[in-house]
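2 protein chains.
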Amino acid sequence: MSDLCDFPRLLAGQGVKVTALRLAVLEVLGAAPRALRAQEILEMIRARRRVNKVTVYRILDDFTRRGLLRRLAVEDRASLYELACEHHPPHPHFQCHHCGQVQCLEPAPLERMWAELKGPLGNRADRIDIRVAGVCHKCREMS
Amino acid sequence: MSDLCDFPRLLAGQGVKVTALRLAVLEVLGAAPRALRAQEILEMIRARRRVNKVTVYRILDDFTRRGLLRRLAVEDRASLYELACEHHPPHPHFQCHHCGQVQCLEPAPLERMWAELKGPLGNRADRIDIRVAGVCHKCREMS
DNA sequence: ATTATACTTGCAACTCAGTTGAATCTGCAT
DNA sequence: ATGCAGATTCAACTGAGTTGCAAGTATAAT
Numbered sequence: 006m007s008d009l010c011d012f013p014r015l016l017a018g019q020g021v022k023v024t025a026l027r028l029a030v031l032e033v034l035g036a037a038p039r040a041l042r043a044q045e046i047l048e049m050i051r052a053r054r055r056v057n058k059v060t061v062y063r064i065l066d067d068f069t070r071r072g073l074l075r076r077l078a079v080e081d082r083a084s085l086y087e088l089a090c091e092h093h094p095p096h097p098h099f100q101c102h103h104c105g106q107v108q109c110l111e112p113a114p115l116e117r118m119w120a121e122l123k124g125p126l127g128n129r130a131d132r133i134d135i136r137v138a139g140v141c142h143k144c145r146e147m148s
Numbered sequence: 006m007s008d009l010c011d012f013p014r015l016l017a018g019q020g021v022k023v024t025a026l027r028l029a030v031l032e033v034l035g036a037a038p039r040a041l042r043a044q045e046i047l048e049m050i051r052a053r054r055r056v057n058k059v060t061v062y063r064i065l066d067d068f069t070r071r072g073l074l075r076r077l078a079v080e081d082r083a084s085l086y087e088l089a090c091e092h093h094p095p096h097p098h099f100q101c102h103h104c105g106q107v108q109c110l111e112p113a114p115l116e117r118m119w120a121e122l123k124g125p126l127g128n129r130a131d132r133i134d135i136r137v138a139g140v141c142h143k144c145r146e147m148s
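Chains as they are written, first to last, in the numbering used here: chain A, 6 to 148; chain B, 6 to 148.
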């Protein structure tokens, strides 16, 4: 998940004012190798500057509604966020029952499944989330 | 989701003591046409008898760990619970962005997708959740 | 029957992840 | 400079679930 996207342009395209904080949210997510919790995003931004958590939550929410981010519901209480720009297409996720870590999987299977599900559902559906769960490599080695 | 399952036997098979409350949880879920939130389960049991919410949460948690129930993470904060017995095999779900309702879909597509994903992941994975999202029929008609 | 034990349920207080509403600050247009 | 809209902050709140411990209940041992 390297950041190849032009974030200022992405924001401008949405008619959203480009602010330092909004860019910071996108940059943090663009640099992360996996989907992040709001709390993690907050801490990463705080390594650089002062921020209020409410602002970050509002930005995440706004971006998600605009389709700039995807919000993933996972086994834990906190949701995860990931970029939804053209360089970060939807993909399945793998979550470890043991440590809770969520990894991104290749997008390919999702596309095939999407085609398969979309038929029966007609045009009612606009999004598919696939979460596979099990025990990850690290956790398996430990036991 | 009619209840064809012998709940007392199901519990006994797990070495779990059969209590009125545990049966009530299974019966409520067995009678429901869709996955339910803990809050809903609580209210449905309360229509019949007095219960403490902690007890219900503990039962749901215990049953989920034992594999008697599946817990679904959805767009909203509260998770949903559904029976995981042989008459209620895993299946995809459809959630409406607008009203939040979650419907159960046919199990068939899930099985095919499972086969497809499990290959690349090896035997690390033991569960697949597919959540399709869009706008449901009712909500679409209203707008 | 009586006591001991383990398991189940209940209660109060708490945590965690967000949310709300109102106040303040900032950049831009007049 | 002044006004305004939008961005950010702050404090307080909500809702869903959790924790620790007390009380109740069933089963087993005496």
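Ideal Cβ positions, reconstructed from N, Cα and C, are used throughout, including at glycine.
Check: Suppose the cutoff is 8 Å on Cβ atoms and the five residues either side in sequence are ignored; what does the same chain contact list for residue 46 of chain A look like?; Outcome: 30, 33, 34, 61, 65 and 86
Check: By the 7 Å beta-carbon criterion, what residues does the stretch 103-114 of chain B contribute toward chain A?; Outcome: 114
Check: In whole angstroms, what separates the C-alpha of residue 43 of chain A from that of residue 103 of chain B?; Outcome: 23 Å
Check: Nearest to residue 115 of chain A by CA position, among A/133, A/22, A/54 and A/17, is which residue?; Outcome: A/133
Check: Let me see if you follow: with CB-CB separation under 8 Å, is residue 122 of chain B close to chain A or not?; Outcome: yes
Check: Can you give me the Cβ contacts of residue 140 of chain B inside the same chain, cut-off strictly under 7 Å, excluding the 5 residues immediately before and after it?; Outcome: 101, 102 and 103
Check: Measure from the alpha carbon of residue 131 of chain B to the alpha carbon of each residue in A/137, A/129 and A/41, then state which is nearest.; Outcome: A/137
Check: Please confirm whether residue 118 of chain A has its beta-carbon closer than 8 Å to some beta-carbon of chain B.; Outcome: yes
Check: Between residue 44 of chain A and chain B, is there a C-beta pair that is closer than 8 Å?; Outcome: no
Check: Should residue 108 of chain A and residue 98 of chain A be called a contact, given that it needs their Cβ atoms to be closer than 8 Å?; Outcome: yes
Check: Go through its chain and collect everything with a Cβ distance to residue 15 of chain B's Cβ below 8 Å, but skip five positions before and after it.; Outcome: 31, 73 and 90
Check: Just confirm the distance between the C-beta atoms of residue 26 of chain B and residue 56 of chain B, as a whole number of angstroms; I'd bet it's less than 8 Å.; Outcome: 6 Å
Check: Does DSSP classify residue 6 of chain B as helix, strand or coil?; Outcome: Confidence in residue 6 of chain B is poor, its pLDDT being 47 and thus under 50, which makes the residue's placement unreliable; the coordinate value appears in the next sentence. Residue 6 of chain B: coil per DSSP, three-state reduction.
Check: With 16 as the cutoff for other CB atoms within 10 Å, does residue 84 of chain A come out buried or exposed?; Outcome: buried
Check: Straight-line CA distance for residue 111 of chain B to residue 117 of chain B?; Outcome: 12 Å
Check: Given a limit of 9 Å on CB to CB distance, which residues of the stretch 70-98 of chain B reach chain A?; Outcome: 76, 77, 78, 79, 80, 81, 82, 84 and 97
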